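Notes follow the structure.
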Amino acid sequence: MNQYQVTATALNVRQRPELKGSIVGVLPRGEKVEKLKVEQKWFYIRCGALEGWCYSAYLEPAAPVAKTTLITYKITSDSSGKLEALARLACNFWNRYLIPQQSIVIRIGVFTSFGNTIARAWKPYAEKGVVYGAVEFNTNFLGIFSDVEIAGTLIHEIGHTLGMGWERWLTLFDPQTGRFTPASVARLPALANYRVETDYGPGTTLAHWDEELYDRELMTGIKDNMLYVMPMTIDVMQLLGHQVAERLGEKRPLEDLLAELQNMQFSLYEVADQIDKNHYVETEIWEEVYTQKRRPIRC
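For what it's worth, the numbering used here labels the leading residue of the sequence shown as 1491, then goes sequentially.
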């Protein structure tokens, strides 16, 4: 087992495996870390973007996390069955890393348009403890774009349904600078080095990671190919009320992460069967994805 949690009130993370080693960070009680290597009584650990040495006496194996909520989907319409497998893959991306505060249902379908709109997503809503989102794909593009591009779009929109861009998210940072507030940094220290997008107009601004700093990252606002995912995209979900079940150790290509998911099984069928996947409320369009860029619309 490589997952451990802190038992001390505050545990110093040091540059070297010795008590005189420079302190590079401090972990609170209950924080979960990944053990990377061992040197005598010291563990070299990773916690989000923080890495260093901790005294092993103050770490204990983390208990398996019991999942009672999940992210699932409802196919409302399809084109030759293309969306079914990709919807499952997109949901399981987030199910691997998070236990959502509430279960989430993504309604996925198709539409046909001869314009340059690839996909469109609607504002999420909640009903009886379940959050619902909706995404539709233009049938004229489903045969052109790769499975990774389509799954990436779904994963991006689920990220918004999880809260990125909505009320709670907007309290975490200064809207003028995109810098996270002292309160947010106190809860997640690595956020001090991250910025939220403050350009590109309503919808994109304040709802994504900064495009210039994190070009091609999953949760930036401009549509790209060859996406990657950075650890903070997972870690920041803690501040939106979700529980991180597994941390992403380093920046990874989305395609590689999706390949890993092909071999993973998620045994949450009983939880999924209890969710009303058919509930539907019409809301306004939140985001439209065009052939050249993702251009959100926020009403």
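No residue lacks a Cβ here, since even glycine has one placed at the ideal position from N, Cα and C. Only a predicted model underlies this, so the values are computations on that prediction, with no experimental measurement involved.
Given this structure, state the Cα-to-Cα distance separating residue i from residue j, to the nearest angstrom.
| i | j | result |
| --- | --- | --- |
| Ala-1498 | Leu-1730 | 25 Å |
| Cys-1789 | Pro-1692 | Because Cys-1789 sits at a pLDDT of 29, beneath the cut-off of 50, its placement in the model cannot be relied upon, and the following sentence gives the value as read from the coordinates. Distance between the alpha carbons of Cys-1789 and Pro-1692 is about 9 Å. |
| Thr-1629 | Gly-1642 | 17 Å |
| Thr-1773 | Thr-1651 | 13 Å |
| Met-1716 | Thr-1695 | 22 Å |
| Ala-1735 | Thr-1710 | 23 Å |
| Gly-1605 | Leu-1703 | 31 Å |
| Val-1675 | Arg-1658 | 15 Å |
| Lys-1557 | Gln-1592 | 11 Å |
| Val-1496 | Val-1771 | 43 Å |
| Tyr-1780 | Glu-1521 | 40 Å |
Relative to the C-alpha of residue i, which residue among the options is closest?
| i | options | result |
| --- | --- | --- |
| Ile-1596 | Val-1779, Ile-1775, Lys-1767 and Tyr-1780 | Lys-1767 |
| Ala-1577 | Leu-1644, Glu-1657, Leu-1708 and Glu-1626 | Leu-1644 |
| Ala-1682 | Ala-1539, Ser-1512 and Asn-1502 | Ala-1539 |
| Val-1523 | Val-1771, Val-1761 and Arg-1737 | Arg-1737 |
| Lys-1572 | Glu-1707, Ile-1765, Glu-1639 and Thr-1562 | Glu-1639 |
| Trp-1532 | Ser-1546, Leu-1526 and Glu-1541 | Ser-1546 |
| Trp-1584 | Asn-1753, Leu-1748 and Gln-1764 | Leu-1748 |
Use the C-beta contact count for residue i: other C-beta atoms within 10 angstroms, 16 or more gives buried, fewer gives exposed.
| i | result |
| --- | --- |
| Glu-1790 | Residue 1790 is absent from the structure shown; the chain starts at 1491 and stops at 1789. |
| Asp-1725 | buried |
| Arg-1784 | Only weak support exists for where Arg-1784 lies, its pLDDT of 47 falling under 50; the value from the coordinates is given anyway. Buried, since its Cβ has 16 or more Cβ neighbours within 10 Å. |
| Ile-1634 | exposed |
| Leu-1588 | buried |
| Ala-1500 | exposed |
According to DSSP, residue i sits in a beta bridge with which residue or residues?
| i | result |
| --- | --- |
| Gly-1599 | Glu-1626 |
| Lys-1527 | Tyr-1534 |
| Val-1771 | According to DSSP, Val-1771 bridges with nothing at all. |
| Thr-1723 | DSSP, once it has assigned bridges, lists no residue as partnering Thr-1723. |
| Ile-1608 | Note: Ile-1608 sits in no beta bridge, so no partner. |
Where do the N-terminal and C-terminal ends of the beta strand (DSSP E) with residue i fall, by residue?
| i | result |
| --- | --- |
| Tyr-1780 | 1775 to 1780 |
| Trp-1543 | 1540 to 1545 |
| Val-1503 | 1500 to 1504 |
Mind checking which residues open and close the alpha helix (DSSP H) that includes residue i?
| i | result |
| --- | --- |
| Gly-1796 | Residue 1796 cannot be examined here, being either before or after the span of the chain that is shown, 1491 to 1789. |
| Ile-1640 | 1637 to 1651 |
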